[in-house]
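Notes follow once the structure below has been shown.
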Amino acid sequence: MIKTIIFDFGGVISIGKFFPVVSGALGEKFGLDEKTIREKMYANETEYMSGRESTFTFWEKTCKEFGIPYKDFVHIFSSSYRLNTEMLTLVRRLKEKYQVILHSDNFEALSKALRNDPQLDGIFEKLYFSNEIKLLKKEEQSFRHILKDIQKTPAECVFIDDKETSLIIPQKIGINTILFKNVEQTKKELLRLGVQ
1 MIKTIIFDFG
11 GVISIGKFFP
21 VVSGALGEKF
31 GLDEKTIREK
41 MYANETEYMS
51 GRESTFTFWE
61 KTCKEFGIPY
71 KDFVHIFSSS
81 YRLNTEMLTL
91 VRRLKEKYQV
101 ILHSDNFEAL
111 SKALRNDPQL
121 DGIFEKLYFS
131 NEIKLLKKEE
141 QSFRHILKDI
151 QKTPAECVFI
161 DDKETSLIIP
171 QKIGINTILF
181 KNVEQTKKEL
191 LRLGVQ
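Just so you know, the UniProt record's numbering puts 87 at position 87 of the sequence shown, and the rest follows in order with no gaps.
Written as structure tokens, this is what we have:
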């Protein structure tokens, strides 16, 4: 029986991919080529996302050379997401009967902003960010860490993500998974798993 539903953030709770939005905003504000900024970010994301690198170091590697001031970078980086309000409505409804938590590969500047976002306040029982637990979703230990913390078995959980590659590890250890495409499809998949 399903007791816990675990949601990814980017592309599930938020709309769209993060780096394209950030690089677009930085490019527009500073008159720079957004593709170049985006490529730099993707090339340097792992250490930052896993919490082994500070926001300042990530900025130095990705944006300093373009003359983007650190404060502007942090502001744009921490505010360049749009919440999927339809999905949040579903999460609120599910919270009435199930434990709902967030598990996201994320970055120091953004995870701080998400923890302080009033629109997310009180929705998720727990928030697990890769930069805080120092484990990425592609690492089995990240899911083992969460299961131990919430005291649930894999079979009692569903993990919802918009990337097929992010579903491999949870499937391997017995967590039910849903590849997110849209809210209606997700509702149907949840029903198939007995989640009302």
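Where a beta carbon is used, it is the ideal one built from N, C-alpha and C, also for glycine.
Bridge partners of L179 according to DSSP: D161. With contact defined as three or more Cβ pairs closer than 8 Å, the segment 18–34 and the segment 118–127 are not in contact. Rounded to the nearest angstrom, the Cβ distance from S50 to S104 is 13 Å, too far for a contact under 8 Å. Rounded to whole angstroms, the separation of the alpha carbons of I5 and R93 is 12 Å.
As for any beta strand (DSSP E) of minimum length 3 sitting wholly inside the segment 51–108, the runs are 99–104, ordered along the chain.
Under DSSP, the beta-bridge partners assigned to K126 are I101.
Rounded to the nearest whole angstrom, the CA to CA distance from Q185 to M87 is 11 Å. In the three-state scheme derived from DSSP, where H, G and I count as helix and E and B as strand, T4 is classed as strand. L190 is classed as buried because its beta carbon has at least 16 other beta carbons within 10 Å across all chains shown.
Note on geometry: alpha-carbon atoms of A113 and M1 lie some 34 Å from one another.
Looking only at K188, V183, D72 and A155, the smallest Cα-Cα distance to I173 is reached by A155. When the beta-carbon positions are compared, E139 and S111 stay at least 8 Å from each other.
Note on geometry: alpha-carbon atoms of T165 and G10 lie some 14 Å from one another. In the DSSP assignment, F143 falls within the alpha helix (DSSP H) that extends over E140 to I150. Of the candidates F143, E28, K97 and T57, F143 places its Cα closest to the Cα of I160.
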